[in-house]
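Chains as they are written, first to last, in this note's numbering: chain A, 40 to 289; chain B, 201 to 272.
Below you can see the structure in the form of structure tokens.
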């Protein structure tokens, strides 16, 4: 039997942290680019390395009902194996409690948590992916262990993602390692509302001992955690936020 | 924008709002209420507002005009 080509799957590859991680990973391995906007996924693909292959898996991860089937079919049709997974897809709206709706809660949890669970379920399956998954990294948030006004739903979803990561790390060991990375605020399309005005940006900068970070700061730890260099690390949270969450100075 | 005043009244936790009323005169006027208005403008009117925008609009009518003008 001819070996199938091994790929890393990056969700949320059409913008922000996911796009940058996909582009950087493309110089060392084949990448499956997932996102909901085909045009933006093609832009990501254009920026990827020619040395390796990229295939596009267009799917809106808030549609969790068809996700398992569509991913299984995609893997079969492309005749590939997915051995690494980075869940960068994220849905964030700053919403105070009084404005919360069932729709917002459902969307947030579907994209941030449930889709990751269903994807990993497919990737560890012998029939669908030859049980090829070796390591996975969940992009969480430094809010996971803390709190902030208007972040209750988003924060809860990231806490859920990290809880999910810990239990799966135990359940899937020693075959699969799974860790989460907790970035501080990184300016992307998703967080544009947080960075709405200069005053807020300046105020935020003061609370980050190392200043504001960028998507490359997140890529470095993700690449490490995916690799065999991290062979004895699983179920852990890695906060990458320039010291923001340990800063208690007034 | 037909429902805007009803939606705003909901956020301000009152039965109704009038055009000339000062936003800061409402009892529950605080940073969370401002965030709620920003969320409302984004969700229902596809308009991005900053906290400063909301504060500078001063009145119910001012806020209404601001969102209308940004929709164009």
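Cβ coordinates follow ideal geometry from the N, Cα and C atoms, glycine included.
Computed from a predicted model, the values in this text were never measured in an experiment.
Check	Outcome
Alpha-carbon to alpha-carbon, residue 174 of chain A and residue 266 of chain A	8 Å
Alpha carbon of residue 217 of chain A to alpha carbon of residue 76 of chain A, nearest angstrom	27 Å
CB contact check: residue 232 of chain B to chain A, cutoff 9 Å	yes
Where residue 175 of chain A falls: helix, strand or coil (DSSP)	strand
Beta-carbon neighbours of residue 134 of chain A, restricted to chain B and to distances below 9 Å	235, 236, 239, 243
First through last residue of the beta strand (DSSP E) which encompasses residue 78 of chain A	Careful: residue 78 of chain A lies outside any beta strand (DSSP E), inside the alpha helix (DSSP H) at 77 to 86.
CB contact flag (residue 182 of chain A, residue 172 of chain A, <9 Å)	no
C-beta contact flag for residue 180 of chain A and residue 248 of chain A at 9 Å	no
Any C-beta of chain A under 9 Å from that of residue 250 of chain B	yes
Beta carbon proximity, residue 213 of chain B to chain A, threshold 9 Å	yes
Contacting residues, own chain, Cβ-Cβ under 7 Å from residue 161 of chain A (five flanking each side not counted)	107, 110, 111, 167, 168
Distance CB(residue 225 of chain A)-CB(residue 253 of chain A) smaller than 9 Å	yes
Under 8 Å by beta carbon: chain B residues contacting residue 188 of chain A	231, 232, 235
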